[in-house]
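Residue numbers (the numbering used here), protein chains in the order written: chain A, 1 to 104; chain B, 1 to 564.
Next up, the structure:
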């Protein structure tokens, strides 16, 4: 359970660093964000939601059944788009309207 | 590396922990007074605390046709009598009021055609809770005269003659040491995770039920300052989805999925359906060779798959990722379940500060709300909000009474604290690391104080060993060092957990019965006894933990501290 941050896509805005409830993300020598304590990630995905460039992906560790699929989040107005890039190469997107309550 | 700077701040009210209860307390104080507030938060109030990923429903609400007493009765039954009636009733009476306030702030709540909230069972209403914490944090940031100090780790209270005077801490960002002087302090730091070896001890060690960043700081500071604590022995163990440790209630209540063993037999009727019985049943089925256990979702209908996946994205996205990654929807595969490692958390069970009806602790001027406050289980989000409000209202009232009191700082105390921080930062690396010590603590608790591998069971001899070993680890802490300010926080988190462990062991040992299976499974006293319809409290006196037994407090009582 952790995140990976694309150095290429990171613009160094530090929003993920500020929001992480464990303060686990730090800045590297180039001013880009990196996860310093990957084993300490709770998996809350707060950082994914802060990242405007989609540089942060969330994955499940192999010890909890992860197979290499990655999840990213994009917010568009009232919509949250959760995109899962599967290890098979397929993708699946789930769209959630923030104004809709959970059915369950 | 050394502490880089030092600051002394004066405020009317210091709130330690800007989670659910802390933020709501700040809103309430500013609504009713002009008192200045400092919120000391070790992360960032935007997503800190239990609500980081969101929450799936409002689980404590008085639905149409029900009354607050019904909620008290439910919580009392679930905790098998060991609750504070006064705390539960005062909380239940305001659950709906705080819910309405959250809706006004922007929380989306499902309504029917008549504009009524849509109930999910007897106590729950349906929401979209993904952004509940940012909503709360935004409201706090808009307040005047409220200073939010993010990334500030508080390590100690300042207490003199049993009166709270403020707290010490340091910034994990820039290494500034803080002395915050306050007339009133609210502790809302949450409960304690990471005491026991977790379900996923390897790479995913923090994929746990409770926030791994809630390390019991509030408990530990209170214990060390001589505050009375209650009911730590009522540990909380959640029944969760295997691996992702995601909630099971959404599936169980949402689509009516029953707990079944590997033979396909529904076993929940055999053990009962209180929170602890659901965990106990699952543990027993595994022990008797009928595991693994599942929530029976196969056949629920494909139409429900998407709604379940969406519901989990709004609170525990790892479970949705797991379903998609495996290529099997819940309707195609039962969801495996397991009990988590034990936590100490006053929002679900009753562990925490012993407070009066106004939520003041036994230290004058120090209040507790949310998961750190004891006696009132089944609080959930709305109960934590209410406790923040109740504490805030009493703070406002009593602030007026002692407005003329002036406190002056004693420079030597702050200097001593900075010396302590610097010692840890400058000390040469010892043989062990903070991480190794944490693992050692978790292993001891797991093996000897009723963790997962001992099926949540213990006896007096094993607790004795647990105590001895934890005490040795505390001594070993003296040789630990920290390379930077973040590691300095890790150091204090470890010490907090060890302090909580010792008090917990004392509580487990003091209750000579088994009232709650799994939560406190005492093999030397496997039966429940009416003699134990009382609270087990503790207080550190002259460095030793003293056990205090107290009679049950009912809802018609207004409880005040008389013997402090």
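Glycine included, every Cβ here is placed at the ideal spot set by N, Cα and C.
May I ask you to report which of helix, strand or coil DSSP gives residue i?
i: residue 70/B; result: helix
i: residue 460/B; result: helix
i: residue 41/A; result: coil
i: residue 80/B; result: coil
i: residue 56/B; result: strand
i: residue 95/A; result: strand
i: residue 455/B; result: coil
i: residue 490/B; result: helix
i: residue 536/B; result: strand
i: residue 360/B; result: strand
i: residue 125/B; result: strand
i: residue 292/B; result: coil
i: residue 32/B; result: helix
i: residue 519/B; result: coil
i: residue 23/A; result: coil
i: residue 23/B; result: helix
So, using beta-carbon positions, are residue i and residue j closer together than 7 angstroms?
i: residue 82/A; j: residue 51/B; result: no
i: residue 9/B; j: residue 26/B; result: no
i: residue 575/B; j: residue 75/B; result: As shown, chain B starts at 1 and ends at 564. That puts residue 575/B outside it, with no answer to give.
i: residue 73/A; j: residue 46/B; result: no
i: residue 274/B; j: residue 60/B; result: no
i: residue 363/B; j: residue 331/B; result: no
i: residue 283/B; j: residue 335/B; result: no
i: residue 554/B; j: residue 17/B; result: no
i: residue 528/B; j: residue 515/B; result: yes
i: residue 478/B; j: residue 190/B; result: no
i: residue 169/B; j: residue 154/B; result: yes
i: residue 106/B; j: residue 135/B; result: yes
i: residue 193/B; j: residue 214/B; result: yes
i: residue 347/B; j: residue 379/B; result: yes
i: residue 329/B; j: residue 305/B; result: yes
i: residue 309/B; j: residue 102/A; result: no
i: residue 230/B; j: residue 450/B; result: no
i: residue 24/B; j: residue 385/B; result: yes
i: residue 78/A; j: residue 52/A; result: no
Suppose you measure from the CA of residue i to the CA of residue j; what does that come to, to the nearest Å?
i: residue 595/B; j: residue 242/B; result: Because residue 595/B is not part of the residues shown, which for chain B are 1 to 564, the question remains open.
i: residue 178/B; j: residue 419/B; result: 13 angstroms
i: residue 11/A; j: residue 415/B; result: 40 angstroms
i: residue 547/B; j: residue 228/B; result: 10 angstroms
i: residue 509/B; j: residue 463/B; result: 7 angstroms
i: residue 448/B; j: residue 432/B; result: 22 angstroms
i: residue 365/B; j: residue 36/B; result: 16 angstroms
i: residue 225/B; j: residue 540/B; result: 8 angstroms
i: residue 344/B; j: residue 350/B; result: 9 angstroms
i: residue 7/B; j: residue 176/B; result: 7 angstroms
i: residue 55/B; j: residue 410/B; result: 43 angstroms
i: residue 81/B; j: residue 452/B; result: 26 angstroms
i: residue 468/B; j: residue 454/B; result: 18 angstroms
i: residue 493/B; j: residue 216/B; result: 8 angstroms
i: residue 211/B; j: residue 25/A; result: 17 angstroms
i: residue 532/B; j: residue 521/B; result: 14 angstroms
i: residue 93/A; j: residue 319/B; result: 15 angstroms
i: residue 2/A; j: residue 339/B; result: 22 angstroms
i: residue 13/A; j: residue 6/A; result: 13 angstroms
i: residue 138/B; j: residue 163/B; result: 32 angstroms
Here's the rule I'm using: 16 or more other beta-carbon atoms within 10 Å means buried, otherwise exposed. How should residue i be labelled?
i: residue 151/B; result: buried
i: residue 141/B; result: exposed
i: residue 495/B; result: buried
i: residue 195/B; result: buried
i: residue 158/B; result: buried
i: residue 197/B; result: buried
i: residue 486/B; result: buried
i: residue 396/B; result: buried
i: residue 62/A; result: exposed
i: residue 129/B; result: buried
i: residue 483/B; result: exposed
i: residue 88/A; result: exposed
i: residue 558/B; result: exposed
At a cut-off of 6 angstroms, is residue i close to the ligand GDP when judged by its beta-carbon and the heavy atoms of the ligand?
i: residue 237/B; result: By its list of ligands, the structure shown contains no ligand whatsoever, and the ligand GDP lies outside what it can speak to.
- Message: Can you confirm whether the region 386-396 of chain B touches the region 352-372 of chain B when touching is taken to mean that 3 or more C-beta pairs between the two stretches lie within less than 8 angstroms?
- Response: Short answer: they touch.
- Item | the region 435-445 of chain B / the region 322-332 of chain B touching (three or more Cβ pairs under 8 angstroms) | Result no; under three Cβ-Cβ pairs closer than 8 angstroms.
- Counting Cβ pairs, one atom from each stretch, are 3 or more of them under 8 angstroms apart for the region 198-210 of chain B and the region 41-50 of chain A? Touching, yes, given that three or more Cβ pairs across the two stretches are closer than 8 angstroms.
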